[in-house]
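Trainee: Residue numbers (my numbering): 3 to 322. For glycine and all other residues, C-beta sits at the position ideal for the given N, C-alpha and C.
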Amino acid sequence: MSGVRHFLRDDDLTTAEQAEILDLALDMKADPLGHRPLAGGAAAILFDKPSTRTRVSFSIGVWQLGGYPLVLDPDGSQLGRGEGIGDTMRVLQRQVDLVVWRTFGQARIEELTSVATVPVINGLTDEFHPCQILADLLTLREHHGQLPGLTLAYLGDCANNMAQSYALGGAVAGLHVRLAGPADHHPDPAVLHRARHLAEATGGSVTVGTDPHAAADGADAIATDTWVSMGMEQAKDDRMGRSNPFATLRVDEAVMARTAPGAVFLHCLPAYRGYEVTAEVLDGPASVVWDEAENRLHAQKALMAFLLAASGIRPGGGHR
3 MSGVRHFLRD DDLTTAEQAE ILDLALDMKA DPLGHRPLAG GAAAILFDKP
53 STRTRVSFSI GVWQLGGYPL VLDPDGSQLG RGEGIGDTMR VLQRQVDLVV
103 WRTFGQARIE ELTSVATVPV INGLTDEFHP CQILADLLTL REHHGQLPGL
153 TLAYLGDCAN NMAQSYALGG AVAGLHVRLA GPADHHPDPA VLHRARHLAE
203 ATGGSVTVGT DPHAAADGAD AIATDTWVSM GMEQAKDDRM GRSNPFATLR
253 VDEAVMARTA PGAVFLHCLP AYRGYEVTAE VLDGPASVVW DEAENRLHAQ
303 KALMAFLLAA SGIRPGGGHR
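#1: Counting C-beta neighbours from all protein chains within 10 Å, is the total for V58 16 or more, i.e. buried, or is it exposed?
#2: Just to confirm before moving on: does the CB-CB distance between V290 and T141 stay below 9 Å?
#3: Go through the stretch 104–191 residue by residue and report every complete run of the beta strand (DSSP E) that reaches 3 residues or more, in order.
#4: What are the boundary residues of the alpha helix (DSSP H) that V93 is part of?
#5: Going by DSSP, what residues sit across from T56 in a beta bridge?
#6: Which same chain residues, not among the five before or five after P132, have their C-beta less than 7 Å away from its C-beta?
#7: So the alpha helix (DSSP H) S207 belongs to, where does it begin and stop?
#8: Using a Cβ-Cβ cut-off of 8 Å (strictly less than) and excluding sequence neighbours within five positions of F106, which residues of its own chain qualify?
#9: Taking the alpha-carbon positions, what's the A259 to L72 distance?
#10: Could you tell me the alpha carbon to alpha carbon distance between L40 and G318, rounded to whole angstroms?
#11: Using only CA atoms, which one of F130, V266, L94 lies nearest to A118?
#12: By Cβ distance, which residues of its chain are closer than 8 Å to A45, with the 5 residues on each side in sequence left out?
#13: Which class does F248 belong to by DSSP, given the choice of helix, strand or coil?
#14: Cα separation between V257 and A192?
#15: One question on the structure: do I224 and L154 come within less than 9 Å of each other, judged by their Cβ atoms?
#16: Rounded to the nearest angstrom, what separates M30 and R7 at their Cα positions?
#17: For G295 versus L26, is the C-beta spacing smaller than 9 Å?
#18: One question on the structure: do R110 and S53 come within less than 9 Å of each other, judged by their Cβ atoms?
#19: Using CA atoms only, rank isn't needed, just tell me which of A218, S79, V122, D14 is closest to I135.
#20: Please name the residue or residues paired with T226 in a DSSP beta bridge.
#21: Roughly how many whole angstroms lie between the Cα atoms of R180 and A21?
#22: In the DSSP output, what is Y277 paired with across the bridge?
#23: Which two residues bound the contiguous beta strand (DSSP E) that contains P379?
#24: Looking at T226 and H269, is the spacing between their C-beta atoms short of 9 Å?
#25: Run through DSSP, which three-state label would I315 get?
#26: Could you say which of S313, L299, W229, N297 lies nearest to R275 if we only look at CA atoms?
#27: Out of curiosity, what's the CA-to-CA distance linking G78 and L152?
#28: DSSP three-state label for R100, please.
#29: By Cβ distance, which residues of its chain are closer than 8 Å to D254, with the 5 residues on each side in sequence left out?
#30: Once you ignore the five residues that flank F308 on each side, which residues in its own chain have a CB closer than 6 Å to its CB?
#31: Which residues bound the alpha helix (DSSP H) around A288?
#32: Give the DSSP-derived three-state secondary structure of P39 in the structure shown.
#33: Considering only residues of the same chain and omitting the five flanking positions on each side of R92, which have a CB-CB separation below 7 Å?
Here's what the structure looks like:
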């Protein structure tokens with residue numbers, strides 16, 4: 003199907019489209035059952051990795067949009083037993099109106115979209131976590147008003163999916179994104195180049211360094227993530243032990259004291275108190291992590307509604 007829209011990485015949206023989705027998310031948050039673009043339809047939500055927030059928010063979100071959330075784990079489909087990605091998609095798209103996939107390498111979800119006639123959403127890959135960034139941007143909108151010109155500092159593993167999505171999604175929004183992490187844990191150069199190119203057009207910026215205090219100075223938001231991402235469990239001892247390379251990047255009260263007045267703390271969760279963030283910060287007055295977690299629901303509902311409309315998908319409308 004020509005013209006079908008997908009959301010595989012943060013820069014799949016223009017600045018205007020991202021703002022439109024965030025505006026719609028605020029409307030949906032105020033009126034949770036007032037939009038029903040999936041009435042009579044269904045969405046397939048596929049999980050290759052464990053999930054709490056993605057599973058809950060997409061399942062409830064699809065239902066609130068009027069659709070049926072078909073949740074499939076690896077042991078609940080033939081995809082987990084070796085059926086081809088393309089063949090799985092050819093089956094699903096004849097019966098559902100949208101597909102969400104939380105998987106491993108980005109190449110897997112790109113292969114899925116190569117045959118897709120319905121929108122596909124990246125629920126998380128090893129390279130990007132764009133739905134989380136939409137929720138984070140929505141949270142910043144609620145607490146700071148408009149996004150352009152805000153400064154967000156991310157401290158930790160800058161080679162992971164969250165850092166790369168902050169760079170891209172933040173650049174699209176016109177943020178000044180500062181990434182601070184060990185020199186050998188920086189973003190993919192191609193991703194960084196793309197983010198900086200986007201920032202030139204939006205008035206934002208993307209910088210990468212190693213000094214957490216320099217990154218935090220005057221920032222409007224501080225963000226971090228676990229030091230042990232999914233799939234890196236074998237490196238847990240190195241990344242969370244005494245010799246771990248991220249120890250100087252822990253977000254504590256001294257880091258937060260360097261930020262601008264009214265600065266907030268973000269974390270995609272799950273969080274590990276005493277490691278990437280102290281309990282005093284995570285549970286303190288600057289923390290908006292629970293707002294952020296709830297906003298996964300509202301941002302993703304708006305995203306689904308946008309993609310369905312942009313792709314001309316109407317449940318039962320013969321798009322298959």
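Mentor: The answer reads as follows:
#1: Position 56 of the sequence shown, counted from the first residue, corresponds to residue 58. With fewer than 16 other beta carbons inside 10 angstroms of its own, V58 counts as exposed.
#2: Locating residue 290 in the sequence shown gives position 288, counting from the first residue. Locating residue 141 in the sequence shown gives position 139, counting from the first residue. The answer is yes: Cβ separation under 9 Å.
#3: Correct list: 122–126, 153–157, 178–182.
#4: As a working note, residue 93 is residue 91 in the sequence shown. Looking at the DSSP string, the run of the alpha helix (DSSP H) that includes V93 is 87–94.
#5: In the sequence shown, the residue the question calls residue 56 occupies position 54. DSSP lists no partner for T56.
#6: The residue given as residue 132 occupies position 130 in the sequence shown. So the qualifying residues of the chain are F9, R11, D12, N124, S167, G171.
#7: Here the question's residue 207 lines up with position 205 in the sequence shown. Note, S207: premise wrong, no alpha helix (DSSP H); beta strand (DSSP E) at 207–211.
#8: Taking the first residue of the sequence shown as 1, we reach residue 106 at position 104. Answer for F106: D50, K51, T127, D128, G233, listed in chain order.
#9: The residue labelled residue 259 in the question sits at position 257 within the sequence shown. The residue labelled residue 72 in the question sits at position 70 within the sequence shown. For A259 and L72, the distance between alpha carbons rounds to 45 Å.
#10: Here residue 40 refers to the residue found at position 38 of the sequence shown. Here residue 318 refers to the residue found at position 316 of the sequence shown. About 10 Å.
#11: What you label residue 118 is simply residue 116 of the sequence shown in a count that begins at 1. Checked all of F130, V266, L94; the closest Cα to A118 is L94.
#12: Indexing the sequence shown from 1 puts residue 45 at position 43. Cβ neighbours of A45 beyond the five flanking positions: F60, V64, G69, Y70, P71, L72, V98, D99, L100, V101, V102, M306.
#13: In the sequence shown, residue 248 corresponds to position 246, counting from 1. F248 falls in the coil class under three-state DSSP.
#14: Here residue 257 refers to the residue found at position 255 of the sequence shown. Here residue 192 refers to the residue found at position 190 of the sequence shown. Straight-line measurement puts the Cα of A192 at about 29 Å from the Cα of V257.
#15: Position 222 of the sequence shown, counted from the start, is the residue given in the question as residue 224. Position 152 of the sequence shown, counted from the start, is the residue given in the question as residue 154. A contact, by the Cβ cut-off of 9 Å.
#16: Within the sequence shown, numbered from 1, the residue matching residue 30 stands at position 28. Within the sequence shown, numbered from 1, the residue matching residue 7 stands at position 5. The straight-line gap from Cα to Cα measures roughly 21 Å.
#17: Start at 1 with the first residue of the sequence shown, and residue 295 comes out as number 293. Start at 1 with the first residue of the sequence shown, and residue 26 comes out as number 24. Note that residue 295 is Ala in the sequence shown, not Gly. Cβ distance not < 9 Å, so A295 and L26 don't count as in contact.
#18: As a working note, residue 110 is residue 108 in the sequence shown. As a working note, residue 53 is residue 51 in the sequence shown. No, they are not a contact pair.
#19: In the sequence shown, counting from the first residue as 1, residue 135 sits at position 133. Looking at the Cα atoms, D14 is the closest of the given residues.
#20: To locate residue 226, count along the sequence shown from 1; it is residue 224. Per DSSP, H269.
#21: Residue 180 sits at position 178 when you count from the first residue of the sequence shown. Residue 21 sits at position 19 when you count from the first residue of the sequence shown. Each residue's Cα considered, the two are about 21 Å apart.
#22: Against the sequence shown, residue 277 aligns to sequence position 275. According to DSSP, which records beta bridges pairwise, Y277 is partnered with nothing at all.
#23: Missing from the structure shown is residue 379; the chain here goes from 3 to 322 and no further.
#24: Position 267 of the sequence shown, counted from the first residue, corresponds to residue 269. Position 224 of the sequence shown, counted from the first residue, corresponds to residue 226. The answer is yes: Cβ separation under 9 Å.
#25: On the sequence shown, position 313 is the one that residue 315 refers to. For I315, the secondary structure class from DSSP, reduced to helix, strand or coil, is coil.
#26: To locate residue 275, count along the sequence shown from 1; it is residue 273. The residue with the shortest Cα to Cα distance from R275 is W229.
#27: To locate residue 78, count along the sequence shown from 1; it is residue 76. To locate residue 152, count along the sequence shown from 1; it is residue 150. C-alpha separation (whole angstroms): 43 Å.
#28: In the sequence shown, the residue the question calls residue 100 occupies position 98. According to the sequence as given, residue 100 is Leu; it is not Arg. It is a strand residue.
#29: Counting from one through the sequence shown, the residue named residue 254 turns up at place 252. Cβ neighbours of D254 beyond the five flanking positions: V279, T280, E282, V283.
#30: Residue 308 sits at position 306 when you count from the first residue of the sequence shown. Only I23 meet the Cβ criterion.
#31: For the purposes of this step, residue 288 is identified with residue 286 of the sequence shown, where counting begins at 1. Neither: A288 is in no alpha helix (DSSP H) and is coded neither H nor E.
#32: As a first step, residue 39 must be located in the sequence shown, where it is residue number 37. Coil.
#33: In the sequence shown, counting from the first residue as 1, residue 92 sits at position 90. For R92, where only same-chain residues beyond five positions count, the Cβ hits under 7 Å are V117.
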